[in-house]
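Inspection log for the structure reproduced underneath, given as structure tokens.
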Amino acid sequence: MHIPGFLGAILLVSVLALGRPYDFGVDVEGLTRRQEDRILVGRLPVASNGSVPHRLEIRQMRADPYKWDLFILALSMFQSVSQSDPLSWYQVAGIHGVPFRSWNGVEPVPGANMSGYCTHSSVLFPIWHRPYLALVEQEVFRLANFIASMFTNTTEREIYQRAASDIRFPYWDWSLPAPPGQTHLPDVFWHPTITQYGPMGLQTIRNPLYSYIFNPVEEEAFIWSPLNSWQETKRAPATDISLASPPSMNKDVSEALLGKLSEIQQRLYIIFSNYKDFNSFGNKAWSVSQNLSSWDSIEAIHDIIHIYGGLRGHMTYVPLSAFDPLFFIHHVSMDRLIAMWQVLNPNAWMFPMAAGETSYNSLKGMVQNSKTPLTPFYISPDGTFWDSDMARYTHTFGYTYADVDPTLAGNQGLRESLIRKINIWYGSSSPVSLRFKAKGHSNFVNHHRSTVPNPIGTKGTKSEVTDHSKQGNSLASASIKGDRYNEWIVNVHANMEALHGSYAVHLYLNDKPHLNCRTIIENKVGTVDIFTMRKITGSDTKISGAVPLTSSLLGKVASGDIPHLDASAVVPFLQKKLRFQVRNGDGNVVDPNLVEGLYVGVSSTEVKIPAVDTELPRWGRPVARLNLWS
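Under UniProt numbering, think of the first position of the sequence shown as 1, with each following residue one higher.
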């Protein structure tokens, strides 16, 4: 790792304390630097048998020792490249946000130089990330193949070259519980240093999944204090103010995200079954702008992983988030969910929409569509950028996922196979699971599909997933009338930049007007997290999210607090019990009068339960039931 002389001995000691990247015994930068004028994002080669390689879940990749070695070694090499190189981790991560500089020669539009290229609150949000992830993936692919060629033993080199030939960037499936005995956030993210095998044998190196080390950190560009003084990315940084560089508390991240798992699954189940148009599914600004009744989105769910995956570390801050290695693994998981939705809705595509936020090449209010360039990603040397039409399908970039690969679907068909998985993975907190359980579908419970063996010595955390399928026929008869039940949802919208950075609207079931610590812990039912920048862009765009209440209400039916899920019982109960609280990014309670554009209301929708598990529930029209704040 090159350390500029002006940083001096103190920085050198700090870097040594953080650990070194893998030493390949060669001038890595000289051997890996590329010379082309424009960096292009292309298609990676297919496998030797002609199939499109899969992006693997990170635990599945870890079970393949050769691919795993190459992935870790490639990340280590990637992160050790000088920050002055446009294909360094620093500059590629910097495309997303800070340091708000041009990349690949793509200059900002006038008035947009205080933004990153990423298109949040935009119809481009889901697909913009495809060429971005493909850029990272092709660099890891290139480095992995380069590293595989460095093994001197012929047999070993051939094994690693086969592994490198179809390597793809992995994802972490945060939507499902970990296999028994494992931590929710995989333990490969937890440790600052690891022992890694490579062409130069075993070495103890800094773990490239734990953090990225800045060399140097640009304090003025990184805005937030004290993050702009930390030399490495952090997750849930320890709160001891005496520490100049607090450690990352990955245990806290794992437990926080596990605590959100039931809510995430309920929201995904609703989105997969009820959201049929691309704009509503894809971004958190469309529904409010069109006065629609479906207020959630995959972007709003994506925000949960940023906020709780960072816990005031780098992932929590939009412009800083991409420096954390967790960012790209999270976004590959997002891309998989988007690809799954596309299988269910193959003809749905984007409508033109005004940008909800300013990005480096689009001012707020500029109308974007499927032909809008996905800057700064070139597809050809002539200066043509990728657009959403070009990037619509994953195989265009040379990858797919097992769950959307038609060659693995068998006789059942891809769509039916995928729906069955969605019912199993995400439906266990829904009344749908009660009906399927009563019909003898014993597999209609929540579980992780992974068959990867548990590593010795791992320690799991308790899952908070609610499985109502275990309640039996009595709960089903009280909640379901014929083949229908009522789904209850809290809808929230607010001005994106109502506060100084990200904030959250927390929902509770509690009959006391004031919430203390105990009632907050015991009675919380969900959160709408507003993931946004500081008041830099001046955006007054309203963004929305939703919290499903049905699972919590089923618990109240089971306990006898309400007799059923009909409005005659639920509305009086919610009028008495439902409370909300706004908290800013520091966790402090905020007067809702200070949150511009805030609305909190409850709706219900009659849902038809499918007859078979290869169908999804069918939703009727929502009915507004209760207005908590407007």
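Cβ coordinates follow ideal geometry from the N, Cα and C atoms, glycine included. Please read all numbers here as calculations on a predicted model, not as lab measurements.
Bridge partners of residue i, per DSSP?
i           : result
residue 318 : Paired residues: none, contrary to the question.
residue 545 : 492
residue 487 : 605
residue 529 : 504
residue 196 : 203
residue 627 : 601
residue 99  : 97
residue 400 : 54
residue 171 : 57
residue 509 : 578
Could you check what DSSP says for residue i in three-state terms: helix, strand or coil?
i           : result
residue 564 : coil
residue 291 : coil
residue 584 : strand
residue 61  : helix
residue 258 : helix
residue 150 : coil
residue 233 : coil
residue 350 : coil
residue 576 : helix
residue 479 : helix
residue 643 : What is shown of the chain runs 1 to 630, which leaves residue 643 out entirely.
residue 370 : coil
residue 19  : coil
residue 223 : coil
residue 209 : coil
residue 28  : helix
residue 378 : strand
residue 393 : coil
residue 386 : strand
residue 420 : helix
residue 524 : strand
residue 362 : strand
residue 41  : coil
residue 619 : strand
residue 338 : helix
residue 552 : helix
residue 109 : coil
Can you tell me whether residue i is buried or exposed, with buried defined as 16 or more other CB within 10 angstroms of its CB?
i           : result
residue 50  : exposed
residue 643 : Outside the shown range of the chain, which is 1 to 630, sits residue 643, and nothing can be said about it.
residue 234 : buried
residue 374 : buried
residue 268 : buried
residue 162 : exposed
residue 612 : exposed
residue 535 : Only weak support exists for where residue 535 lies, its pLDDT of 48 falling under 50; the coordinates are left without a value.
residue 120 : buried
residue 154 : exposed
residue 393 : exposed
residue 227 : buried
residue 344 : buried
residue 506 : buried
residue 400 : buried
residue 69  : buried
residue 395 : exposed
Output yes or no for whether 7 Å exceeds the beta carbon distance between residue i and residue j.
i           : j           : result
residue 240 : residue 529 : no
residue 115 : residue 21  : no
residue 305 : residue 331 : no
residue 186 : residue 271 : no
residue 525 : residue 600 : no
residue 89  : residue 210 : no
residue 130 : residue 55  : no
residue 218 : residue 45  : no
residue 639 : residue 484 : Residue 639 is absent from the model: the chain starts at 1 and stops at 630.
residue 122 : residue 369 : no
residue 475 : residue 402 : no
residue 624 : residue 358 : no
residue 398 : residue 62  : no
Please tell me whether residue i has its Cβ less than 7 Å away from any Cβ of chain B.
i          : result
residue 60 : This model lacks chain B altogether, as it is built from one protein chain only.
_Pairs of beta-carbons, one from the region 257-273 and one from the region 168-182, closer than 8 Å: are there three or more?_
yes
*Could you tell me whether the region 562-577 touches the region 494-506, where touching means 3 or more Cβ pairs closer than 8 Å?*
no
*asked:* Measuring CB atoms only, is the region 280-300 touching the region 329-346, in the sense that at least three cross pairs come out at less than 8 Å?
replied: yes
*If we count Cβ pairs, one from each stretch, closer than 8 Å, do we get three or more for the region 365-383 versus the region 416-429?*
Output reads no: the region 416-429 does not touch the region 365-383.
*At least three beta-carbon pairs within less than 8 Å, the region 193-208 to the region 93-110*: no
*Can at least three beta-carbon pairs, one atom from the region 376-393 and one from the region 141-153, be found at a separation below 8 Å?*
no
*asked:* Could you check whether the region 349-362 touches the region 270-289, counting it as contact only if at least three pairs of C-beta atoms, one from each stretch, sit closer than 8 Å?
replied: yes
_With a threshold of 8 Å, are at least 3 pairs of Cβ atoms found where one atom belongs to the region 470-487 and the other to the region 311-330?_
no
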